[in-house]
Amino acid sequence: MIIKLENQEKKDINTEPYFTTVVNIMTAYKEGKHIVIAEAKFFEEIRNNNNFDERIRNAAMRAENEQRQYHQLLKGVNAYIHVELGNLSSNYKKNEDNGIEKIVVSCEFFKDSSSIQKINLLCEDLSDADLYLKMGDFYKHNINLSTINILFDHIGGGGDNTYKSFSKITENTRFCLCLLDSDKKHPSGKQGGTSLKFKDKKIPFNGKYIVINAHEAECLIPNEIIELLILDRNLNHYNYDFHTRLDYLREICQSNSLVKLYFDHKEGLTVNNIKKFDKSGDTPFWENAVKGATGLKRRKCAINFHCDCKESASKKNQQECYIILGFGSKLLEDSSAKINQMPTPKIKHMLKEPLLTEWMNIGREIFSWGCAPSKVARTS
Ligand SMILES: [Zn+2]
Numbered sequence: 000m001i002i003k004l005e006n007q008e009k010k011d012i013n014t015e016p017y018f019t020t021v022v023n024i025m026t027a028y029k030e031g032k033h034i035v036i037a038e039a040k041f042f043e044e045i046r047n048n049n050n051f052d053e054r055i056r057n058a059a060m061r062a063e064n065e066q067r068q069y070h071q072l073l074k075g076v077n078a079y080i081h082v083e084l085g086n087l088s089s090n091y092k093k094n095e096d097n098g099i100e101k102i103v104v105s106c107e108f109f110k111d112s113s114s115i116q117k118i119n120l121l122c123e124d125l126s127d128a129d130l131y132l133k134m135g136d137f138y139k140h141n142i143n144l145s146t147i148n149i150l151f152d153h154i155g156g157g158g159d160n161t162y163k164s165f166s167k168i169t170e171n172t173r174f175c176l177c178l179l180d181s182d183k184k185h186p187s188g189k190q191g192g193t194s195l196k197f198k199d200k201k202i203p204f205n206g207k208y209i210v211i212n213a214h215e216a217e218c219l220i221p222n223e224i225i226e227l228l229i230l231d232r233n234l235n236h237y238n239y240d241f242h243t244r245l246d247y248l249r250e251i252c253q254s255n256s257l258v259k260l261y262f263d264h265k266e267g268l269t270v271n272n273i274k275k276f277d278k279s280g281d282t283p284f285w286e287n288a289v290k291g292a293t294g295l296k297r298r299k300c301a302i303n304f305h306c307d308c309k310e311s312a313s314k315k316n317q318q319e320c321y322i323i324l325g326f327g328s329k330l331l332e333d334s335s336a337k338i339n340q341m342p343t344p345k346i347k348h349m350l351k352e353p354l355l356t357e358w359m360n361i362g363r364e365i366f367s368w369g370c371a372p373s374k375v376a377r378t379s
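Per numbering that gives the first Met the number 0, residue 0 is the first one in the sequence shown, and the count goes up by one each step.
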């Protein structure tokens, strides 16, 4: 993350607690954990001061040389840490007019070296994190800052315990970015699942959680990637029949592109889901999308949006009818692996709305919280 360091009150950095705080922040920079922005005068003061050891003085020199690029970076992030040395105890978050989140952190907070570790990235699942990291990568390429690193620690899958993990990390004076599925089944439906546990909770200054604007992470996988999985002979989770499922998904997305963000990619969509999901929102979103998808083959119950094939005694053991079958529980893991093999420009060609906006939004969060000095800047 960016740490903007100021010394407006002209505190003597040879004295405590200022000295230790400056050493900790510059060490984090040297180790490639955080980016430091300060005035040239400030870096000059460090590099000419023999109280700091040589490694810290060198780090100050390198940081000074990179300031132009780091200032450029400030325009690409939506959050940064601000440390005014004279502020000894107040920690809080403040939204600036330009929509950027300024995380004000006290000098005392960073006096403890454990508080200056890498940022934690916490998601519901490990495969989610893989996909989100790729979005960060995509974002930085798009804003022409591809040399900046993205670095996180404890990239964890919290599952049902995500809120507990988040609280524990932030209580331990660590910074944490957390991404959650909305579990919404309709654009105007209610949030569900894990994200509900975060609602109405006081979120500390060193943490942020984001509920993605989609049912779950699988919704953010481009259809072209799903196609590549079906075609991949080394993967046996997808047989030839999956081509039809994908064709149907494309068909219904053409009817309403927002379907992509709410379709349950793992489980698919049953006939009886239509009315049920539409009741959870305030429009006949699913019914209209299915009606508009003229290429969709529908049996009688799918035309009436009512299926009791499962219950009817004459057809014992019969299953409930589907509008579109799902792609199974391995989809996210397989997709993340596939996407990670792919050069970023190639992914760019696959991303159309509404996915492009979501990738850029999530990518900006990942980049803002995880940005770190490039290796070149640290070793030159
Ligand atoms: Zn049926």
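Each residue gets a CB set at the ideal place from its N, CA and C atoms; glycine is no exception.
Residues proximal to ligand 1 by C-beta, any heavy atom closer than 6 Å:
Proximity annotation: ligand 1 has residues VAL270, CYS300, CYS306, CYS308, CYS320 in chain order, each selected because its CB is closer than 6 Å to a heavy atom of the ligand.
Rounded C-beta distance between GLN7 and GLY85? I'm assuming under 8 Å.
So it is a contact: roughly 7 Å between Cβ atoms.
For VAL76, does the three-state DSSP call read helix, strand or coil?
Coil, per DSSP.
At the level of alpha carbons, what is the spacing between SER228 and LEU330?
Sequence inspection shows Leu at residue 228; the Ser mentioned does not correspond to that position. In a straight line, the C-alpha of LEU228 is about 9 Å away from that of LEU330.
Go through the region 288 to 325 residue by residue and report every complete run of the beta strand (DSSP E) that reaches 3 residues or more, in order.
The DSSP assignment places 321 to 324 as complete runs of the beta strand (DSSP E) inside the region 288 to 325, in order along the chain (cut-off: 3 residues).
So, is ARG363 buried or exposed, given that buried needs 16 or more other C-beta atoms within 10 angstroms?
Sixteen is the threshold: when 16 or more other Cβ atoms of the shown chains lie within 10 Å of the Cβ of ARG363, as they do, the residue is buried.
State the start and end residues of the unbroken beta strand (DSSP E) segment that holds LEU121.
In this chain, the beta strand (DSSP E) harbouring LEU121 covers 119 to 122.
Start and end residues, alpha helix (DSSP H) containing THR169
Looking at the DSSP string, the run of the alpha helix (DSSP H) that includes THR169 is 161 to 170.
List, from N- to C-terminal side, the alpha helix (DSSP H) runs of 4 residues or more that fit wholly inside the region 17 to 80.
Those alpha helix (DSSP H) runs which fall completely within the region 17 to 80 and span 4+ residues are 17 to 29, 39 to 46, 53 to 64, 66 to 73.
Output the residue ranges of the alpha helix (DSSP H) runs that lie fully inside the region 215 to 266 and measure 4 residues or longer, sorted by chain position.
Runs found: 222 to 230, 241 to 254, 258 to 261.
Would you check if the distance between the CB atom of ILE36 and the CB atom of GLN66 is smaller than 9 Å?
Using a Cβ distance threshold of 9 Å, ILE36 and GLN66 count as a contacting pair.
Give the secondary structure of ILE154 by DSSP, where H, G and I count as helix, E and B as strand, and everything else as coil.
In this structure, ILE154 counts as strand in the three-state DSSP scheme.
Would you kindly report the start and end of the unbroken alpha helix (DSSP H) that includes ILE2?
Judged by DSSP secondary structure, ILE2 falls outside any alpha helix (DSSP H) and instead within the beta strand (DSSP E) spanning 1 to 5.
Tell me which residues share the same chain as GLY192 and place their Cβ nearer than 7 Å to its Cβ, disregarding the 5 neighbours each side in the sequence.
Hits under 7 Å: ASP180, ASP182.
Same chain, Cβ closer than 6 Å to SER379, five either side skipped, listed in chain order:
Low local confidence applies: a pLDDT of 46 at SER379 is under 50, so the model's placement there is unreliable, and no value is given.
Starting from the Cα of ASN90, find the closest Cα among CYS308, HIS236, GLU250, PHE174 and give me that residue.
Among CYS308, HIS236, GLU250, PHE174, the Cα nearest to that of ASN90 belongs to PHE174.
Beta-carbon within less than 7 Å of PRO203's beta-carbon, same chain only, minus the 5 sequence neighbours each way: which residues are those?
If we look at PRO203 and ignore the five residues flanking it on each side, its Cβ neighbours are THR169.
Inter-residue Cα distance where the pair is LYS374 and ALA27:
Spanning the two alpha carbons is a distance of roughly 13 Å.
Would ALA62 and SER367 be called neighbours here (beta carbons separated by less than 9 Å)?
Cβ atoms of ALA62 and SER367: not closer than 9 Å.
Between which two residues does the alpha helix (DSSP H) carrying LEU125 extend?
Note, LEU125: alpha helix (DSSP H), 125 to 141.
Taking three-plus beta-carbon pairs below 8 Å as touching, is the region 216 to 227 in contact with the region 258 to 276?
Counting Cβ pairs under 8 Å, three or more are found: they touch.
Tell whether a beta-carbon distance below 9 Å holds between VAL270 and GLU319.
Between VAL270 and GLU319, the C-beta spacing is below 9 Å.
For my contact list, ALA292 and GLN253 are in at a C-beta cut-off of 8 Å; report their separation, rounded to the angstrom.
Indeed they touch by this definition, with Cβ atoms about 7 Å apart.
For LEU248, count neighbouring C-beta atoms within 10 Å of its own C-beta (all shown protein chains included) and say buried if the count is 16 or more, exposed if not.
When all chains shown are included, LEU248 counts as buried.
From which residue to which residue does the beta strand (DSSP E) around GLU100 run?
Start and end: 100 to 103.
Any 3 or more C-beta pairs closer than 8 Å across the region 117 to 130 and the region 146 to 155:
Between the region 117 to 130 and the region 146 to 155 there are three or more C-beta pairs closer than 8 Å, enough to call the two in contact.
LEU132 and ILE365 - do their beta-carbons sit closer together than 9 Å?
In contact: ILE365 and LEU132 (Cβ atoms closer than 9 Å).
So, LEU130 versus SER328, is the Cβ gap smaller than 9 Å?
Not closer than 9 Å, so no.
First and last residue of the alpha helix (DSSP H) that includes GLY369?
Looking at the DSSP string, the run of the alpha helix (DSSP H) that includes GLY369 is 354 to 369.
For a quick check, are the C-beta atoms of ILE273 and ILE323 less than 9 Å apart?
Going by C-beta atoms, ILE273 is not nearer than 9 Å to ILE323.
Would you list the residues sitting across from LYS207 in a DSSP beta bridge?
Note: LYS207 is bridge-paired with LEU176 in the DSSP secondary-structure output.
Give me, in chain order, the residues of the same chain whose beta-carbon lies closer than 6 Å to that of LYS10; leave out the 5 immediate sequence neighbours on both sides.
Non-local C-beta neighbours of LYS10 in its own chain, meaning closer than 6 Å and more than five positions away in sequence, comprise TYR17, LEU84, GLY85, ordered along the chain.
Buried versus exposed call for TYR208 [16 or more other C-beta atoms within 10 Å across all chains shown]
TYR208 is buried by the Cβ-count criterion.
Alpha carbon of ASN360 to alpha carbon of ILE211, nearest angstrom:
Straight-line Cα distance between these residues: approximately 9 Å.
Let me know the secondary structure DSSP gives LYS196 once reduced to three states.
Taken through DSSP and simplified to helix, strand or coil, LYS196 comes out as helix.
Near ARG56, what residues of its chain come up, given a Cβ to Cβ distance below 7 Å and the 5 sequence neighbours on each side ignored?
Taken in chain order, the residues that qualify are ILE45, ARG46.
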